[in-house]
Amino acid sequence: MALDLESGGIRQLTDIRTGDAPSEREPDGQRAFLVEQQKELFDFIDSEEFRGQPWNRSVERDTTAPKPFYVGRDRSAFLMRVTPDERFAVVTVRTNDHDATMPVQMPVWITDDGYVELYEGREKVGDQQATSRTAVIDLATGEATWVADSVGEGDRTIDVVDVASNSAHALVQVETHDREHRYWVVVDLPSMEERTVAHDHDPAWLGHPGPDFGGAGGFMPDGETVYFSSERTGWIHLWVVAAAGGDPRALTSGEWEVHDAELSRDGRTWYLTTNREGFADVHTYSMPANGGPLTQLTTASGRQEAAVSPDGRWMAIRHSQSNDPWELYVQEARAGRPMRQVTESTTEEFRSFAWRKPEIVMVPASDGVMVPARLHRPRGDVAPMGQRPAVIFVHGAGYLQNVHNWWSSYYREYMFHHVLAERGYTVLALDYRGSEGYGRDWRTAIYQHMGGKDLSDHVDAAAWLVEDFGVDPERIGIYGGSYGGFITLMAMFTSPGTFQAGAALRSVTDWAHYNHSYTSGILNEPQDDKDAYVRSSPIYHAEGLEGHLLMAHGMVDDNVLFYDIVRLTQRLIELGKEDWELAVYPAERHGFQLASSWADEYTRIFKLFERTLKD
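Here the working numbering is used: the first residue of the sequence shown is 189, the next is one more, and so on.
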């Protein structure tokens with residue numbers, strides 16, 4: 189639709205319809221017989237006079253209305269861009285082949301009527317995935333041209349990204365389903381000539397850099413330059429390339445990453461969110477649109493996420509520090525100007541507590557790599573050197589950063605670590621291999637083996653705590669949720685004697701039963717790379733369990749489904765394993781919602797460590 193901002197009038201520009209166009213529907217059965225009979229009996233059916241009748245269904249009566257575009261059977265339009273001159277619409281159409289997948293069925297146990305219900309959830313890795321194609325529609329004639337179909341090989345998604353401000357081009361992104369190739373394709377309008385202006389390839393898997401531009405990019409204000417983000421140098425940076433083709437040029441570079449990028453309204457300045465000053469802090473910078481020196485606009489320790497006012501004079505900044513949650517600030521959009529706090533979201537009771545900033549330390553791994561970590565030193569009744577207990581926390585999500593100077597998304601764990609430190613525990617949390625913020629090589633170090641480098645980093649950290657912090661090697665525990673639960677299981681199963689106790693929460697136990705979008709890039713598909721799944725799945729290593737294991741899982745977890753832990757439980761029973769327990773939460777999803785559930789879970793974790801690491 190087009191909305192006239194002065195008159196308020198609305199015009200419909202496109203007419204996207206499901207199914208096949210009427211002329212494309214092949215009659216069958218009795219209707220096929222009748223169609224053929226009409227043609228045999230009446231010459232009028234094939235005449236110009238027939239086609240001109242007002243009641244003829246094959247004729248569009250309103251010549252001013254947009255021409256219909258039929259996406260086809262089992263397909264839907266889900267992305268669309270219209271050129272500023274309103275001549276073309278670029279539409280991405282996705283297949284909806286429900287017969288090719290088998291969504292998992294999940295029971296919902298606590299219902300309003302007492303009857304168990306079934307919820308149809310996600311697919312599993314290796315299931316057939318939806319593909320997409322992109323068409324350019326001439327809005328005057330309704331003619332559609334499918335574009336970029338010849339780019340790349342195998343199953344692909346072909347998505348519209350942007351249209352140029354001068355209406356001369358469309359930008360399309362092609363990504364192969366094996367996640368090894370990504371192409372940016374410029375389509376000239378109206379000639380429909382195509383050219384690939386950039387191509388990224390990774391023999392492991394391509395990440396999705398940048399939360400906002402997501403690897404897709406767009407057109408610069410001139411309409412003749414494409415920008416995109418890429419890890420092609422090993423770090424996420426901002427690139428440009430001419431729409432006419434040529435060599436891409438990096439606007440930023442170095443061993444740091446661009447988290448976000450936004451052009452000013454006048455198109456003269458980039459505002460970048462990066463960790464240029466070090467992995468533990470994120471700041472906002474300005475940079476000329478065509479590249480050049482970066483000017484650091486924010487300086488406070490922690491993380492700054494800025495939105496610049498339309499006139500470019502002010503920034504609204506979301507800021508936090510490691511011991512102080514997020515607040516809103518304002519600042520002039522110039523270097524060296526002070527931030528002024530405009531919200532205070534915490535309670536007086538919260539602020540009265542002496543929340544401590546965890547130390548950031550570098551832990552030596554056995555292969556010589558230094559692994560970042562957060563450290564909480566023991567306080568209160570501290571045991572003598574060589575007898576101290578320790579707990580290692582493993583963050584979830586795999587590709588996530590938790591070692592930094594801003595407020596952690598794991599704030600419950602942050603507060604729990606204060607409790608442990610007051611009880612004499614040394615607490616450590618790593619940004620193990622696979623974590624976000626440290627470049628491509630760090631991210632892909634777990635390719636074809638989750639539970640490899642990411643686990644060995646934790647085993648090495650345990651040895652470091654013994655060597656440098658007086659920790660008793662027989663008093664070390666480990667815990668975490670989701671991916672952290674997975675690592676905890678692998679630690680308890682494959683590194684005997686390193687950890688005396690582990691709490692595995694909402695854990696993946698068999699990667700062949702997890703979702704496709706996350707798992708297939710790292711481990712490929714199970715039917716093609718079974719060995720990677722066997723290496724990486726705790727259920728294959730359960731016979732190695734030593735020490736005390738607590739497992740906890742929500743029964744309506746629609747991410748890591750409850751049957752994941754049920755299958756592992758049966759495996760432990762059949763192996764005759766002892767010293768393990770399972771706590772279930774009938775009303776909880778992947779991220780717990782009820783305070784009572786969180787309290788129960790952390791009470792169990794605390795009691796596990798007190799019982800096994802201190803007695």
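All residues carry an ideal CB built from backbone N, CA and C; glycine is no exception. As the structure is a prediction and not an experimental result, all values here were calculated from the model.
Just the C-alpha distance for residue i and residue j, rounded to the nearest angstrom, thanks.
| i | j | result |
| --- | --- | --- |
| G340 | V281 | 18 Å |
| M680 | G690 | 7 Å |
| R663 | T800 | 8 Å |
| S597 | P391 | 31 Å |
| T686 | A692 | 16 Å |
| H522 | L485 | Correcting the residue identity first, residue 522 is Arg in this sequence and not His. Cα-Cα distance, rounded: 6 Å. |
| T283 | A775 | 34 Å |
| A740 | K765 | 17 Å |
| D698 | K802 | 32 Å |
| S338 | R344 | 11 Å |
| E236 | S417 | 55 Å |
| V470 | Q589 | 12 Å |
| Q688 | G466 | 35 Å |
| D788 | M527 | 40 Å |
| D752 | S683 | 22 Å |
| L193 | N511 | 46 Å |
| R383 | P498 | 34 Å |
| D660 | V446 | 41 Å |
| Y473 | D454 | 17 Å |
| D400 | H425 | Because D400 carries a pLDDT of 48, less than 50, the predicted location of this residue cannot be relied on, and no value is offered for it. |
| G402 | Q218 | Note on G402: pLDDT 45, under 50, position unreliable in the model; no value is reported. |
| V647 | T676 | 11 Å |
| R370 | H396 | 10 Å |
| G398 | D234 | Annotation note: pLDDT 48 at G398 (below 50); position unreliable, coordinate value reported separately. Going from the Cα of G398 to the Cα of D234 covers about 57 Å. |
| R565 | A542 | 15 Å |
Spatial neighbours of residue i within its chain, please: CB distance less than 7 Å, with the 5 preceding and 5 following residues excluded, ordered by chain position.
| i | result |
| --- | --- |
| E610 | R567, G568 |
| L763 | A730, E731 |
| R600 | W786 |
Confirm, please, whether the CB-CB distance from residue j to residue i is below 8 Å.
| i | j | result |
| --- | --- | --- |
| I346 | V360 | yes |
| G405 | R628 | no |
| V362 | V429 | no |
| V374 | V348 | no |
| D208 | G240 | no |
| G622 | A633 | yes |
| E274 | A356 | no |
| Q509 | S540 | no |
| G515 | T531 | At residue 515 the sequence reads Glu, which differs from the Gly that was named. Yes, Cβ-Cβ distance for E515 and T531 is below 8 Å. |
| H606 | F581 | no |
| A358 | R269 | yes |
| M294 | L749 | yes |
| A578 | L653 | yes |
| F276 | L377 | yes |
| V351 | M380 | no |
| W576 | F657 | Reading off the sequence shown, one finds Arg at residue 576, where the question assumed Trp. Taking 8 Å as the Cβ cut-off, R576 and F657 qualify as a contacting pair. |
Skipping 5 residues on each side, what residues in its chain have a beta carbon closer than 8 Å to that of residue i?
| i | result |
| --- | --- |
| A561 | I548, V549, M550, V551, V591, L616, A617, L618, D619, A649 |
| G434 | V385 |
| Y587 | G395, G622, S623, E624, R631 |
| W297 | V304, M743, V744, P774, A775 |
| F407 | D350, V351, A352, S353, H357, L359, T413, V414, Y415, A431 |
The alpha helix (DSSP H) that contains residue i, what's its start and end?
| i | result |
| --- | --- |
| G500 | From DSSP, G500 is part of no alpha helix (DSSP H); its letter is neither H nor E. |
| G217 | 217-229 |
| M603 | 599-610 |
| R723 | 718-724 |
Starting from residue i and walking both ways along the beta strand (DSSP E), at which residues does that stretch end?
| i | result |
| --- | --- |
| I634 | Segment: none, I634 is in no beta strand (DSSP E) and carries neither H nor E. |
| I298 | I298 -> no beta strand (DSSP E), and no H or E assigned at all. |
| Y773 | 768-773 |
| M475 | 471-476 |
| I666 | 659-669 |
| R333 | The sequence given here places Thr at residue 333; Arg does not occur at that position. Run containing T333: 332-335, per the beta strand (DSSP E) assignment. |
I'd like the list of long-range same chain contacts for residue i, defined as Cβ closer than 6 Å, with 5 residues on each side in sequence excluded.
| i | result |
| --- | --- |
| T791 | none |
| G330 | K255 |
| V559 | V551, A553, L618, D645 |
| D203 | P254, P256 |
| R367 | W393, L394, G709 |
| E769 | L738 |
Contact between the region 698-708 and the region 312-328 (3+ Cβ pairs under 8 Å): yes
Taking 8 Å as the cut-off, does the region 736-755 touch the region 713-721 (at least 3 CB pairs, one atom from each stretch)? In short, these stretches do not touch, since the Cβ pair count stays below three.
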